[in-house]
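Have a look at the structure below, then the notes.
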Amino acid sequence: MGYIGSHTAVQLLLSGYQVHIYDNLCNSNIDTLQRIKRIAGKDLGFTYGDIRDTQKLTAALKENSIEAVIHLAGLKAVGESSKKPIEYYSNNTQGSISLIQAMQAVHISTLVFSSSATVYGDPVYLPYDEAHPTFPTNPYGHNKLQIEQMLHDLAFSDKNWRIACLRYFNPVGAHESGLIGENPNGIPNNLMPVIGQVANGKLAQLSIFGNDYSTSDGTGKRDYIHVMDLADGHLMALNWLQENLGCHTFNLGSGSSFSVLELLRCFEKVSAKKIPYQIVARRPGDLSEYYAKVDKAEKILGWKTRRSLEDICTSSWNWIKNSKNN
Ligand code: UD1
61 MGYIGSHTAV QLLLSGYQVH IYDNLCNSNI DTLQRIKRIA GKDLGFTYGD
111 IRDTQKLTAA LKENSIEAVI HLAGLKAVGE SSKKPIEYYS NNTQGSISLI
161 QAMQAVHIST LVFSSSATVY GDPVYLPYDE AHPTFPTNPY GHNKLQIEQM
211 LHDLAFSDKN WRIACLRYFN PVGAHESGLI GENPNGIPNN LMPVIGQVAN
261 GKLAQLSIFG NDYSTSDGTG KRDYIHVMDL ADGHLMALNW LQENLGCHTF
311 NLGSGSSFSV LELLRCFEKV SAKKIPYQIV ARRPGDLSEY YAKVDKAEKI
361 LGWKTRRSLE DICTSSWNWI KNSKNN
């Protein structure tokens, strides 16, 4: 029920699926459950548990007659993953093995897995397509790639599996209600949450990590994807798996990229707030630019992004204003 999961749960409920969430709340808040119910106008189930607790997970799958799983139970802070690699291997890689074992125990074989564009590493060419070489550069990225490889091996060994690995680009934005959004613990690392905290006065300014990249304005460019478009991508993948076997990989991105300054200007425009910033040194490990080739998801899943950068900034601002009042 974290950031991506909460928005995906809303879209699933609204399209008629019944939803049960299994979460250890290590990076989410139980209040989100009520908010999902409020937006969707429908009830959903919840079990408190750790993904590595295979017994508890098996029981939750069985007792709730689960038919398919969307696996979003990953730790996701790139910097932290280099400092605490074993926590990441334990929660992400070992946790995924535990989930597969639980699913096997109760004969569930439909799975949507939350992967990341981080599996590609330094671009050999752009846009990244799904066949681009994979050279992740940090433990978080290694975990994502390991899990994808494990899922391919699993689907090869047992032809009953239906698996979609979704490689997210940069998820941003919030539900238009302003009731759910990204709520990182502690000081945020990612651009949009930092901008949000500057806008609501929690941080004095944004530090822009370098303006000497070979991009139009010198700041880094990314493929930002509205979290509601991403949620729709999960729904489309799940629907598609009903008719298709095997393990399949899809990029979920917009197919275009925006610079830090472009995002900042857009946010300033929709919020009518000035976002003070300073240019500082490049952040180690950052790339100049990357974005997705999105033809595969469009052709096969019938999915593409529908929301603009302005929609992203408007929904983020709405969420930030709202969460300040909570
Ligand atoms: C990061 C992860 C990526 C993950 C994604 C989730 C890294 C190297 N990669 O992507 O694996 O899937 O988050 O959204 O961490 N920026 C600033 N100032 C800030 C924060 C960011 O200038 O305070 C810049 C960055 O240099 C970059 C852009 O904003 O050019 C986006 O950064 P961020 O939101 O952290 O995402 P990524 O690093 O692209």
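Here this note's numbering is used: the first residue of the sequence shown is 61, the next is one more, and so on. Glycine included, C-beta positions come from ideal geometry on N, C-alpha and C.
Opposing strand residues paired with Tyr424 [DSSP bridges]: Since the first and last residues shown for the chain are 61 and 386, residue 424 lies out of range.
Under 8 Å between the Cβ atoms of Asn249 and Gly139? Yes; because the gap between Cβ atoms is below 8 Å, this pair is in contact.
Check: Thr178 C-beta below 7 Å from any heavy atom of ligand 1: Yes, since a heavy atom of ligand 1 falls inside the 7 Å radius drawn around the Cβ of Thr178.
Please list the terminal residues of the continuous alpha helix (DSSP H) segment that includes Asp91. Where Asp91 is concerned, the enclosing alpha helix (DSSP H) starts and stops at 91-100.
Between the beta-carbon of Leu281 and the beta-carbon of Asn311, is there less than 8 Å? Sequence check: residue 281 is Lys here, not Leu. The Cβ atoms of Lys281 and Asn311 lie no closer than 8 Å to each other.
Ligand 1 and Arg343: does any heavy atom of the ligand fall closer than 7 Å to the residue's C-beta? Within the chosen limit of 7 Å, ligand 1 reaches the beta carbon of Arg343 through at least one heavy atom.
Looking at Val129 and ligand 1, is the gap between the Cβ and the nearest heavy atom below 7 Å? No - ligand 1 has no heavy atom lying nearer than 7 Å to the Cβ of Val129.
Taking the alpha-carbon positions, what's the Thr309 to Ser175 distance? So the two alpha carbons sit approximately 9 Å from each other.
Lys381 - DSSP class collapsed to helix/strand/coil: In the structure shown, Lys381 sits in a helix (DSSP, three-state: H, G or I).
To the nearest whole angstrom, what separates the beta carbons of Val4 and Ala291, a pair I think is in contact under 8 Å? The question about residue 4 has no answer, for the chain in this structure spans 61 to 386.
According to DSSP, simplified to helix, strand and coil, what is Ala352? Under the three-state reduction of DSSP, Ala352 is assigned to strand.
Kindly indicate which three-state DSSP category Gly105 falls into: helix, strand or coil? Strand at Gly105.
Assuming Val330 contacts Glu303 (C-beta within less than 8 Å), just tell me the rounded distance between them. Rounded, the Cβ-Cβ distance is 40 Å, inconsistent with contact.
Cα separation between Ile372 and Thr118? Cα-Cα distance, rounded: 37 Å.
Measure the beta-carbon distance from Asp91 to Tyr108 and round it to whole angstroms, keeping in mind my assumption that it falls under 8 Å. With a Cβ gap of about 14 Å, Asp91 and Tyr108 do not count as contacting.
Between Ser156 and the rest of its own chain, which residues show a CB-CB distance below 6 Å, the 5 nearest in sequence each way excluded? Within the same chain, Ser156 has close Cβ partners Ile207.
Which of helix, strand or coil DSSP assigns to Gln302: Three-state result, Gln302: coil.
With DSSP run on the structure shown, which of helix, strand or coil describes Asp371? When DSSP states are grouped into helix, strand and coil, Asp371 belongs to the helix group.
Note the first and the last residue of the continuous beta strand (DSSP E) segment covering Ile64. Counting along the chain, Ile64 sits inside no beta strand (DSSP E); it lies in the alpha helix (DSSP H) bounded by residues 63-74.
Going by C-alpha to C-alpha distance, which of Arg222, Asp346, Asp355 sits closest to Pro196? Closest option to Pro196, judged by alpha-carbon separation, among Arg222, Asp346, Asp355: Asp346.
Mind checking who Val340 pairs with in its DSSP beta bridge? The partner list for Val340 (beta bridge, DSSP) reads Phe269.
When you compare only the Cα positions, how much space is there between Val340 and Ser348? Linking Val340 to Ser348 through their CA atoms gives a straight-line distance of about 15 Å.
According to the Cβ coordinates, are Ser314 and Ile360 closer than 8 Å? For Ser314 and Ile360, no; Cβs fall outside 8 Å.
Quick check: the segment 270-281 against the segment 174-194, are there 3 or more CB pairs under 8 Å? Too few Cβ pairs lie closer than 8 Å, so no.
Please classify Arg98 as buried or exposed, where buried requires at least 16 neighbouring CB atoms within 10 angstroms. Arg98 comes out exposed.
Within the same chain, show all residues whose beta-carbon is closer than 6 Å to that of Val172, passing over the 5 residues directly before and after it, in chain order. Excluding residues within five positions, the ones whose Cβ falls inside 6 Å are Ile130, Ala224, His294, Ala297, Leu298.
Please say whether Gly62 and Ser88 have beta carbons closer to each other than 8 Å? Yes, they are a contact pair.
CB contact flag (Asp283, Phe229, <8 Å): Using a Cβ distance threshold of 8 Å, Asp283 and Phe229 count as a contacting pair.
Could you check whether the Cβ of Pro244 sits closer than 7 Å to any heavy atom belonging to ligand 1? Not under cutoff, so the answer is no.
Alpha helix (DSSP H) runs wholly inside the segment 205-264, at least 4 long, in chain order: Inside the segment 205-264, DSSP marks whole alpha helix (DSSP H) runs of 4 or more residues at positions 251-259, from first to last along the chain.
Looking at C-alpha atoms only, which residue of Lys144, Asn152, Ile126 is the closest neighbour of Leu135? If you compare the alpha carbons of Lys144, Asn152, Ile126 with that of Leu135, the shortest gap goes to Asn152.
Length of the line joining the Cα atoms of Gly201 and Gly181: C-alpha separation (whole angstroms): 8 Å.
Quick one, are the C-beta atoms of Gln265 and Pro336 less than 8 Å apart? Yes, the pair counts as a contact, with Cβ atoms nearer than the cut-off.
According to DSSP, residues forming a beta bridge with Lys281: Paired residue(s): Ser319, Glu349.
At a cut-off of 7 Å, would you count Tyr228 as near ligand 1, judging by its Cβ distance to the nearest heavy atom? Distance from the C-beta of Tyr228 to the nearest heavy atom of ligand 1 is below 7 Å.
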